[in-house]
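Numbering (the working numbering), first residue to last: 17 to 337. Read the structure below first, then the notes.
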Amino acid sequence: MDLTWRPLTLDDAPALAGLYAAAEEVDRTGDHFSAEDLRDELAAPNVDLARATVGAWAGDRLVGYGLVLRRAAADPVHMIRLQSVVHPEHRTDAVGAHLAEWLARTSREVHERAFPDAPLELHHGSHQNEHWIAGVLTRAGYTHGRTMVNMRAGLADLPPQPPLPDGFEAVPFDFRYDLATLDARNDTFAGHWGSTMYEPDVWRHLVTGSKDFRPDLSFLIIDDDKVLAFVLSHHYASETAATGVREHYATWVGTRAALRGRGVASGLLGHTLRAAKDAGFDRSALNVDVDNAHRALGVYERCGYRVEDEWHVYVLKFPRG
């Protein structure tokens, strides 16, 4: 059957949830999305539905999806993030080639509107089980750029956690510290591979204003209203509905440079894990770059996290101009 390709609308969120569910039956990435989850994602301030999304339709059934996400800065490279998913029954060479061409063409158009004088890179993540899209990207000229790992810690048998060093106190997140926390996040992650700053409206939509945000399980280290370290937590109800497991997610963990190497990160994360256990969560999860320059993998292992699976980032580079 010939496919019809058109931009998505917010009303397509239920169809997109069905597409992700069909893909998960084969790919087993561990991700489960409700229509509400995906509607929130599509409604984010940095998503251009009309010009930077596409859906492939077989009649009234959504069987493919692509998203091009501009970044807030090009410092110095504009690293556009891509997302895509294709129904297992429609993973053909023709669909893969069409999707890859759309992602490249649309990315160049987004780039020209945002940072035309900067070099451009396209970044597409792929779970270790998503072999089809990895092949599509490789044939289109992408190369493997980085490996991320998902880590999990069981909370029922949580080992003794590292304490915070003397003189430091975990302060529960309060929305009066929202922008100070954003400033700390942007500073902490400024040197991380593939990372750029968050803009306040996107931060509030996707992080602290998300329906999944758990301020009661988020903690800060503060000095004179300046956030020096943070652990921000989310709980995704759609995951619990699909798996039966109440999973705490440590979405953002960071420490400003002045405090690194002093045990603050592991102490604050340990405090968070104990709070999550007391709140009735079964396990905790997070995602980290295996080549993280701040040796975060070791910090998380000291708190009881262990690697479960991998995500790979595929990169396509374009010359300046």
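Note that beta-carbon positions come from the ideal geometry of N, C-alpha and C, so glycine has one too.
Collapsed DSSP secondary structure at residue i in the structure displayed
| i | result |
| --- | --- |
| GLU326 | strand |
| ALA295 | coil |
| HIS250 | strand |
| PRO180 | Going by the sequence as given, residue 180 is Leu instead of Pro. It is coil, neither helix nor strand. |
| VAL331 | strand |
| TYR81 | strand |
| VAL315 | helix |
| VAL306 | coil |
| GLY210 | coil |
Beta-carbon contacts of residue i that lie in its chain and below 8 Å, excluding the five residues immediately before and after
| i | result |
| --- | --- |
| ALA158 | The sequence given here places Tyr at residue 158; Ala does not occur at that position. Excluding positions up to five away in sequence, the list reads LEU138, HIS140, TYR330, VAL331, LEU332. |
| SER100 | GLY80, TYR81, GLY82, LEU83, LEU115, LEU119, HIS140, ILE149 |
| ALA292 | LEU171, LEU233, SER249, HIS264, SER300 |
Counterpart residues of residue i in DSSP-defined beta bridges
| i | result |
| --- | --- |
| PRO188 | PHE235 |
| ILE96 | LEU138 |
| ASP241 | Answer is none; ASP241 lacks a bridge partner. |
| HIS264 | SER300 |
| VAL6 | The first residue shown for the chain is 17 and the last is 337, placing residue 6 beyond what the model contains. |
| VAL223 | Answer by DSSP bridge pairing: none, since VAL223 is not bridged. |
| THR271 | ALA245 |
Segment limits, alpha helix (DSSP H) that includes residue i
| i | result |
| --- | --- |
| ASN202 | 194-204 |
| GLY119 | Reading off the sequence, residue 119 comes out as Leu, not Gly. Unbroken alpha helix (DSSP H) run through LEU119: 109-130. |
| VAL152 | 147-155 |
| ALA33 | 29-43 |
| ALA51 | 51-58 |
Segment limits, beta strand (DSSP E) that includes residue i
| i | result |
| --- | --- |
| HIS140 | 136-143 |
| THR163 | 159-170 |
| ARG22 | 20-22 |
| GLY71 | 69-74 |
Contact set for residue i: own chain, Cβ-Cβ below 6 Å, skip 5 residues either direction
| i | result |
| --- | --- |
| ALA66 | PRO23 |
| ALA281 | THR271, VAL315 |
| THR224 | ASP194 |
| ALA38 | HIS103 |
| TYR321 | MET167, ALA169 |
With 16 other Cβ atoms within 10 Å as the buried cut-off, status of residue i
| i | result |
| --- | --- |
| VAL261 | exposed |
| ALA266 | buried |
| GLU117 | exposed |
| ASP305 | buried |
| LEU26 | exposed |
| GLU41 | exposed |
| ALA274 | exposed |
| GLU255 | buried |
| LYS242 | exposed |
| GLU146 | buried |
| HIS160 | exposed |
| GLY283 | buried |
| LYS227 | exposed |
| ASP307 | exposed |
| ALA172 | exposed |
| ALA312 | buried |
| ALA206 | exposed |
| THR69 | buried |
Residue i at chain D interface by Cβ criterion, 8 Å
| i | result |
| --- | --- |
| HIS127 | No chain D is present in this structure, which holds just one protein chain. |
Own chain residues within Cβ distance below 7 Å of residue i, not counting five before or after
| i | result |
| --- | --- |
| ARG86 | ASN62, ILE96, VAL126, ALA130 |
| LEU198 | TYR214, PRO216, TRP219 |
| ARG278 | PRO181 |
| PRO335 | PRO135 |
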